[in-house]
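A short write-up of the structure that comes next.
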Amino acid sequence: SQTIHQWPATLVQPVGSPLSLECTVEGTSNPNLYWYRQAAGRGLQLLFYSVGIGQISSEVPQNLSASRPQDRQFILSSKKLLLSDSGFYLCAWSITEAFFGQGTRLTVV
Amino acid sequence: GENVEQHPSTLSVQEGDSAVIKCTYSDSASNYFPWYKQELGKRPQLIIDIRSNVGEKKDQRIAVTLNKTAKHFSLHITETQPEDSAVYFCAASDANTGNQFYFGTGTSLTVIP
């Protein structure tokens, strides 16, 4: 069966520090991969979408970047975090159905 | 690309009443419409889905209806309970091609005891 792993679950980082969130999928090949950000009680803001290795589309100009070095690995990064980067980050994968990772609660202080 | 709109953004109902959340989509190629429930601090989880070859699907207290002609689909929760309080998301995709999933903006449902 397919599973998705996202880590860490929580993260507190100072302003100006780098960020790396990782997501891996097991049990499937060539999935579509997504990074979303969610403000408290709000909707899903699509940040990045990938259909394959090295193929990433950015939906919103921002302080973040994404990479897909392997078929089932998706990484969200920042060189210098801003206060406004705080939020709940969700990784997801889809082929004929879509599933979410557990999420990462990022607090930038 | 696809555009999915979801209404209302917030919904409060008394326990035992019904709740209805509506979504519209723009791309006639979309043929798979799932609904997700997200409890506070948790990941969205699939609760029910419908494909374009059927008009309605039920699973105990929840049901989803689809109107392909009008390009809208709805989630119906009957006999609501406090544990139904959550954020609900609709989505649309073309399951035949495995293309991108497009999510609605979410509905925050509160069931008042």
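Chains A and G are the protein sequences, given in the same order.
Just so you know, the first sequence maps onto residues 1 to 109 in this note's numbering.
Just so you know, the second sequence maps onto residues 110 to 222 in this note's numbering.
The beta-carbon is built from N, C-alpha and C at its ideal position, and this holds for glycine as well.
Of the other Cβ atoms in all chains shown, 16 or more fall within 10 Å of the Cβ of G/Thr189; this residue is therefore buried. When secondary structure is reduced to three states using DSSP, A/Leu83 falls in the helix class. Annotation: Cβ neighbours of A/Tyr49 in chain G (cutoff 7 Å, chain order): Gln209. It is roughly 11 Å from the alpha-carbon of G/Cys132 to the alpha-carbon of G/Tyr197.
Under the Cβ criterion of 9 Å, A/Gln102 is counted among the residues facing chain G.
Chain A has a Cβ within less than 9 Å of the Cβ of G/Tyr141. Residues of the segment 167–190 of chain G whose Cβ lies closer than 9 Å to any Cβ of chain A: none. Listed in chain order, the non-local C-beta contacts of G/Gly164 below 7 Å within the same chain comprise Thr174 and Leu175, local neighbours out to five positions each way being set aside.
Residue state for G/Asp193 is assigned as helix, using DSSP reduced to three classes. At the C-beta level, A/Arg72 and A/Pro18 stay beyond 9 Å of one another. The beta carbons of A/Cys91 and A/Tyr49 sit no closer together than 9 Å. For A/Pro8, the closest of A/Tyr89, A/Leu83, A/Ser94 and A/Lys80 by C-alpha to C-alpha distance is A/Tyr89.
Comparing alpha-carbon positions, the option among A/Thr96, A/Gly87 and A/Ile95 lying closest to A/Gly103 turns out to be A/Gly87.
Counting along the chain, the unbroken beta strand (DSSP E) around G/Arg160 starts and ends at Gln154 to Arg160. Contact residues of the segment 13–26 of chain A toward chain G are absent (C-beta to C-beta distance below 8 Å). In this structure the segment 206–215 of chain G lies against the segment 114–122 of chain G, because at least three pairs of beta carbons, one per stretch, are closer than 8 Å. Neighbours of A/Ile95 in chain G, taken as residues at a C-beta separation under 9 Å, are given in chain order as Ala204 and Gly207. The beta carbon of G/Pro222 is closer than 6 Å to those of Glu124 and Pro191 in its chain, skipping five residues each way along the sequence. The straight-line gap separating the alpha-carbon atoms of A/Gly27 and G/Ala204 is approximately 19 Å.
Cβ neighbours of A/Ile95 within its own chain (closer than 6 Å, five residues either side excluded): Pro31. Within the segment 144–169 of chain G, Tyr145, Gln147, Leu149, Gly150, Lys151, Arg152, Pro153, Gln154, Leu155 and Asp158 place their CB atoms closer than 9 Å to a CB of chain A, listed in sequence order.
Annotated as proximal: G/Val129 and G/Ile186, with beta-carbon spacing under 9 Å. With a cutoff of 9 Å on beta-carbon distance, G/Lys146 and G/Ile156 are scored as near each other.
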